[in-house]
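Residue numbers (the numbering used here), protein chains in the order written: chain A, 1 to 58; chain G, 1001 to 1226.
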């Protein structure tokens, strides 16, 4: 029972972390995701293409 | 690009209704960058709803051109698939060159080489498209770290375009030096930079060559062990 509870908490934390990392960012300019998987899933759901911009900080 | 193109109202509309955008730092998500054979920045890859590549844009584009290219790609215009279909009836060198470039940007060097060779085989030995194609082939060899093959091609281009009204000869000259430097042959790289300065004194790359000679002759001292 104890192990089951611990596992459940871990799964919930992971789920929150994944969602937080993949949320649609809308605060500046064109809205975007920072995850290819999440963006592609959103594109698939909406029936539109996904554009992935690769950049570096240098 | 982020401060101009992606804050434009039309771009915001496009990515709010017609397409979904993802921005990926290639230094952080190296797996995604590697999976999509990204070799220059920025690169924008358009994927269909099943995640298959439609086409890509490499480098900066002004907003209007950028949005038109995306719309064209979405409608299947100007994509690799579209160009390959056209090539069944259109055998012009310019189309073959476009196909070659598309393959090169996707990291498909073997396919790109086949199409560049078509351009080279059907043109004059020193015309512009031949020069562009030969430089592209040599550059792909260099990226693949096939140093000696790349050097042989750059050397040959420098000679063949010596009297042509283009910069290919000078470009090939400096790339020989850069290739030797990347190969780790410092002495030969210095000699190649010096030869470049002697043979192409009016090139816009002369100051770069001088800086590289200084750098190679006086490398920074090794860090002291703590």
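Note that beta-carbon positions come from the ideal geometry of N, C-alpha and C, so glycine has one too.
Own chain residues within Cβ distance below 8 Å of residue i, not counting five before or after
{"i": "residue 1053 of chain G", "result": "1036, 1045, 1046, 1047, 1106"}
{"i": "residue 1041 of chain G", "result": "1026"}
{"i": "residue 1130 of chain G", "result": "1119, 1120, 1123, 1124"}
{"i": "residue 1208 of chain G", "result": "1174"}
{"i": "residue 33 of chain A", "result": "22, 23, 24, 25, 39, 42"}
Cβ-based neighbour list, residue i, same chain, cut-off 7 Å, excluding 5 preceding and 5 following
{"i": "residue 1192 of chain G", "result": "1176, 1177, 1180"}
{"i": "residue 1206 of chain G", "result": "1197"}
{"i": "residue 1190 of chain G", "result": "1213, 1216, 1217"}
{"i": "residue 1004 of chain G", "result": "1063"}
{"i": "residue 1029 of chain G", "result": "none"}
Contacts of residue i in chain A (Cβ-Cβ under 9 Å)
{"i": "residue 1104 of chain G", "result": "The contacting residues do not exist; residue 1104 of chain G stays about 16 Å from chain A at best."}
{"i": "residue 1074 of chain G", "result": "48, 49"}
{"i": "residue 1070 of chain G", "result": "49, 51"}
{"i": "residue 1082 of chain G", "result": "Result: empty, since nearest Cβ-Cβ is about 15 Å, beyond 9 Å."}
Identified DSSP bridge partners for residue i
{"i": "residue 54 of chain A", "result": "G:1024, G:1043"}
{"i": "residue 33 of chain A", "result": "G:1022"}
{"i": "residue 1057 of chain G", "result": "G:1044"}
{"i": "residue 1178 of chain G", "result": "According to DSSP, residue 1178 of chain G bridges with nothing at all."}
{"i": "residue 25 of chain A", "result": "A:32"}
Where residue i meets chain G, residues with beta-carbon distance less than 8 Å
{"i": "residue 57 of chain A", "result": "1025, 1027"}
Interface residues of chain A facing residue i [CB-CB closer than 7 Å]
{"i": "residue 1006 of chain G", "result": "29, 30"}
{"i": "residue 1127 of chain G", "result": "Correct list: empty, because the minimum Cβ distance to chain A is about 34 Å."}
Chain-ordered chain A contacts of residue i [CB-CB under 8 Å]
{"i": "residue 1065 of chain G", "result": "What residue 1065 of chain G touches in chain A: nothing, since even the nearest Cβ is about 15 Å away."}
{"i": "residue 1171 of chain G", "result": "Near residue 1171 of chain G there are no residues of chain A at all, since even the closest Cβ is about 24 Å away, more than 8 Å."}
Close beta carbons around residue i, own chain, < 6 Å, minus the five adjacent residues each side
{"i": "residue 1065 of chain G", "result": "none"}
{"i": "residue 1059 of chain G", "result": "none"}
Could you run through the segment 1012 to 1028 of chain G and flag, in chain order, every residue whose CB is less than 7 Å away from some CB of chain A?
1012, 1015, 1016, 1018, 1019, 1020, 1021, 1022, 1023, 1024, 1025, 1026, 1027
Return the residues of the segment 1026 to 1054 of chain G that lie within a Cβ-Cβ distance of less than 8 Å from chain A, sorted by chain order.
1026, 1027, 1029, 1032, 1033, 1036, 1038, 1041, 1042, 1043, 1044, 1045, 1046, 1047, 1048, 1049, 1050, 1051, 1054
4-residue-minimum alpha helix (DSSP H) runs that sit fully inside the segment 1079 to 1159 of chain G, ordered along the chain
1080 to 1086, 1093 to 1105, 1109 to 1121, 1128 to 1143
Which residues, in order along the segment 1212 to 1225 of chain G, keep a beta-carbon less than 9 Å from a beta-carbon of chain A?
none
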